[in-house]
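Peer 1:
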Amino acid sequence: MYRKGKSLFKGWQILLALVISIGVITNFWSIQTGTADDANFQGQKVSSNECSASPSTPRELDLVASPETVHWGFFSKNLPPVSTIHSGDYLTIEMITHHAGDDYARMIAGDEALESIYHWTKEEKTISQRGPGVHILTGPVYICGAEPGDLLEVRIVNLEPRPSKNPLYPGKAFGSNASAWWGFQYNNLEEEPKPREIITLYEVDTTGKRDWAKAVYRYRWTPQTTPDGVVHERIDTPGIVVDHSKVTKIDQTLEGVRIPLRYHVGAMGVAPKEADVVDSIPPSYFGGNIDDRHVGIGTSMYYPVSVPGALFSAGDAHAAQGDSELDGTAIEISMNGTFQFILHKQTDLEDTILEGIDYPLLETPDSWIVHGFTFPNYLAQLGENAQSKIYELSSLDPALQDSSTKLRDFLENGMGLTEDEAYSLITVGADFAITQVVDGNWGVHGILPKAMFDQANVKPKPSSE
891 MYRKGKSLFK
901 GWQILLALVI
911 SIGVITNFWS
921 IQTGTADDAN
931 FQGQKVSSNE
941 CSASPSTPRE
951 LDLVASPETV
961 HWGFFSKNLP
971 PVSTIHSGDY
981 LTIEMITHHA
991 GDDYARMIAG
1001 DEALESIYHW
1011 TKEEKTISQR
1021 GPGVHILTGP
1031 VYICGAEPGD
1041 LLEVRIVNLE
1051 PRPSKNPLYP
1061 GKAFGSNASA
1071 WWGFQYNNLE
1081 EEPKPREIIT
1091 LYEVDTTGKR
1101 DWAKAVYRYR
1111 WTPQTTPDGV
1121 VHERIDTPGI
1131 VVDHSKVTKI
1141 DQTLEGVRIP
1151 LRYHVGAMGV
1161 APKEADVVDS
1171 IPPSYFGGNI
1181 DDRHVGIGTS
1191 MYYPVSVPGA
1201 LFSAGDAHAA
1211 QGDSELDGTA
1221 IEISMNGTFQ
1231 FILHKQTDLE
1241 DTILEGIDYP
1251 LLETPDSWIV
1261 HGFTFPNYLA
1271 QLGENAQSKI
1281 YELSSLDPAL
1291 QDSSTKLRDF
1301 LENGMGLTED
1311 EAYSLITVGA
1321 DFAITQVVDG
1331 NWGVHGILPK
1341 AMFDQANVKP
1351 KPSSE
C-alpha cells in the first residue's frame, strides 16, 4: 500500500508506464509533428462555413461511435474534430467502454459499432494507433468561438446505458469492475492466490424496472494472448477480448446485494496545450479521467479552454462507483450521453463566480465541487517525461492541499470572504472526499453546499447563453 509518500507502483509498473509513453511517440509521430496542411489547426479541419453563423435556436445533434469518431488512450490538440457545434447546442454522444472485451457475448456481440472498434485479428487491427492510456474517447468536438482563456460549460442532460445487442439479453446492459494491479488493494490482499486480478460482471436493467445493478458472476484473470501473439500476464493492455475458455466463472457473487446506480462520466474534457499526445489516464486542469461519481445527470462541468475550439472528448462512462475507485475501476459500461455546451467568453467572466477558474469545476443543483490533484498541471510541473513521472509521485497530501486551496480561492472570489473566513467555513461547512487513487494523478474533491449562502452575497454566473 501507499505509505509516507512512497508510490504504490512498483519498479516494473513505472517501467511499463515509461515504455508505453515512449512507444506512443513512435506510433503517433504524424499526430505530434503534423503536416503543412495541419498548420492552421488546432482545429484545422473546421471550415469557415461550419462556424460562420450561429443558429437562431440550439440544435440537437448526434455523434455516433465508430472507428472514425473515437480515439483510444489519449487526448490531443492535433486531432481533427469529428463534430462542430455552437454554444447552446445539444449533442448526444455515444461512449464506448474500454472494458467491453471482459465479456464479448454480453458487451460486444451483435453491436456493429463495438465489433468494429474492437476488431483485432492477426491480419488487421481496426484502431491501430493507440495512445499511452486506456480509454475509448468519442470526439473531439470543436466548439465554435472557443479560445484560450474561455471557460466551457458542459451540462449533462441525460445518461442512458447502451443496451446489449445480443438477443439472449433483451433489455439488459452490462458493465465490468476490474480489481486490478493498479488498484490500492493489490498489495494488501489476505486470501490466496495473491496477488490476483478479478473481473466482476454486473447487469443493469435498461427498461427502467430497477434502479440498481446486480453482480452476474466473477472470474480471476488468467494470462491472455492477443492476436499479435503477446501473452498478457496482467490486465495491461486495453482492447483484449478475454478468452472465457481459459477462465473459471464463479456465479455465486454478491448474492442478495443491490448496487445503487450512479450514472456518471469518468473521463471527459478538453485538449491540453502542453503536449501533442497526452495519456488519457491522469486527470489534470483540462479535465480528463477525473472519475468523480458526482459528474452525473443534472450537473455542469466547467473546463478552462487552452486550445482553439476547445476540442472536447468524452468516454469512460460508469454505472456506479464509490469515492476513491479503490480496486481499479468503477462499473465500466457503454453509455449514451446528452450534453449541452455553453461557451463562457473570457471577457464575460469578470466579476462573476467563475472568474479565475483554471481547473475542472463541477456544479450540482445543491453544491459546488472543486477538484484537486497531486499536481494541478502535471504536464507543466513535471517537465520532460511528465507522463511517466506522474505515476511515481502521486500522493493524497498535495491533492488535499490543492483542493482546499482552490476552495479557499473560490470563496474569496465568489462570496467575498477573507482568507480567515474561508478557512473557517471550509472546516465547519465543507466536505472533502477522495476522488480516486488509481489514475496516476490522485484526486481529492471539496464539496461546498450552496444552501449555506445568502444569494445576495454570491456573485452571479455569467450570462453567456
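Using the numbering used here, the letters of the sequence shown map in sequence onto residues 891 to 1355.
Cβ atoms here follow ideal geometry from the backbone N, Cα and C, with glycine treated the same way.
Source: prediction; values computed, not measured.
Can you check DSSP and say which residues form a bridge with Asp-1321?
Peer 2: Its beta-bridge partners are Ile-1337.
Peer 1: Which word fits Thr-1189, buried or exposed, when buried means at least 16 other C-beta atoms lie within 10 angstroms of its C-beta?
Peer 2: It counts as buried.
Peer 1: Going by CA-CA distance only, name the one from Tyr-1059, Pro-948, Tyr-1076 and Pro-1266 that's closest to Tyr-1175.
Peer 2: Nearest C-alpha to Tyr-1175: Pro-1266.
Peer 1: Please state whether DSSP places Gly-933 in a helix, a strand or coil.
Peer 2: Low confidence applies here, because Gly-933 scores a pLDDT of 46, under 50, leaving its location unreliable; read the following figure in that light. In the structure shown, Gly-933 sits in coil (DSSP, three-state: anything other than H, G, I, E or B).
Peer 1: Just to check my reading of the structure: Lys-1235 and Val-1260 have Cβ atoms closer than 8 Å, yes? What is that Cβ distance to the nearest angstrom?
Peer 2: Actually they are not in contact, since the Cβ atoms of Lys-1235 and Val-1260 sit about 22 Å apart, beyond 8 Å.
Peer 1: Which residues mark the beginning and the end of the alpha helix (DSSP H) in which Tyr-1281 is found?
Peer 2: Its alpha helix (DSSP H) spans residues 1276-1283.
Peer 1: Would you be able to state if there are at least three C-beta pairs under 8 Å between the region 1075-1085 and the region 1052-1064?
Peer 2: In short, these stretches do not touch, since the Cβ pair count stays below three.
Peer 1: Taking Cβ positions, are Ile-986 and Leu-951 nearer each other than 8 Å?
Peer 2: Going by C-beta atoms, Ile-986 is not nearer than 8 Å to Leu-951.
Peer 1: Give me whichever residues DSSP pairs with His-1234 in a beta bridge.
Peer 2: Leu-1041, per the DSSP bridge assignment.
Peer 1: Per DSSP, Gln-1326 forms a beta bridge with which residues?
Peer 2: The partner list for Gln-1326 (beta bridge, DSSP) reads Ser-1214 and Gly-1333.
Peer 1: Just mark Arg-949 as buried or exposed, buried being the case when its beta carbon has 16 or more other beta carbons within 10 Å.
Peer 2: It counts as exposed.
Peer 1: Apart from the five residues just before and just after Thr-923, which ones in its own chain have a Cβ nearer than 6 Å to its Cβ?
Peer 2: Its pLDDT being 40, under 50, Thr-923 is placed unreliably in this model, and the coordinates cannot settle the point.
Peer 1: With a threshold of 16 other CB atoms inside 10 Å of the CB of His-961, please say whether the residue is buried or exposed.
Peer 2: By the neighbour-count rule (16 or more Cβ atoms within 10 Å), His-961 is buried.
Peer 1: Excluding the 5 residues flanking Ala-845 on each side, which residues of the same chain have their C-beta closer than 6 Å to its C-beta?
Peer 2: Past the edges of the chain, shown from 891 to 1355, lies residue 845, and the structure says nothing about it.
Peer 1: Comparing alpha-carbon positions, which option in His-1154, Asp-1182 and His-989 lies nearest Ile-1088?
Peer 2: Among His-1154, Asp-1182 and His-989, the Cα nearest to that of Ile-1088 is on His-989.
Peer 1: Would you say the region 1286-1293 touches the region 1317-1331, given that touching needs at least three Cβ pairs under 8 Å?
Peer 2: Touching, per the Cβ criterion.
Peer 1: Which of the three DSSP states, helix, strand or coil, is assigned to Ile-975?
Peer 2: The answer is strand: DSSP assigns Ile-975 an E or B state.
Peer 1: Give me the DSSP bridge partner(s) of Leu-1251.
Peer 2: DSSP lists Tyr-1192 and Val-1260 as partners of Leu-1251.
Peer 1: Could you tell me the distance, in whole angstroms, from the CA atom of Gly-1218 to the CA atom of Trp-1072?
Peer 2: C-alpha separation (whole angstroms): 6 Å.
Peer 1: I'd like to know if the region 1167-1187 and the region 1015-1029 are in contact, where contact means that at least 3 CB-CB pairs between them fall below 8 Å.
Peer 2: Counting Cβ pairs under 8 Å, three or more are found: they touch.
Peer 1: Using a Cβ-Cβ cut-off of 8 Å (strictly less than) and excluding sequence neighbours within five positions of Thr-1138, which residues of its own chain qualify?
Peer 2: Answer for Thr-1138: Tyr-1109 and Arg-1110, listed in chain order.
Peer 1: Quick one, are the C-beta atoms of Asp-1248 and Lys-1349 less than 8 Å apart?
Peer 2: No, Cβ-Cβ distance for Asp-1248 and Lys-1349 is not below 8 Å.
Peer 1: Give me the Cα-Cα distance between Ala-1209 and Thr-1090, rounded to the nearest whole angstrom.
Peer 2: Whole-angstrom Cα-Cα distance: 13 Å.
Peer 1: With a CB to CB cut of under 8 Å and the five nearest residues on each side skipped, what residues in its chain are close to Arg-1298?
Peer 2: Excluding sequence neighbours, Arg-1298 sits near Glu-1309, Ala-1312, Tyr-1313 and Ile-1316.
Peer 1: State yes or no: is the C-beta of Asn-1067 within less than 8 Å of the C-beta of Ile-1221?
Peer 2: In contact: Asn-1067 and Ile-1221 (Cβ atoms closer than 8 Å).
Peer 1: Take the Cβ of Glu-1215 as the centre, count every other Cβ of all protein chains shown within 10 Å, and call the residue buried at 16 or more, exposed below.
Peer 2: Per the 10 Å Cβ criterion, buried.
Peer 1: Per DSSP, what kind of secondary structure is Ile-1316 in: helix, strand or coil?
Peer 2: Note: Ile-1316 maps to helix in three-state DSSP.
Peer 1: Strictly by DSSP, which residues pair up with Leu-1058?
Peer 2: Answer is none; Leu-1058 lacks a bridge partner.
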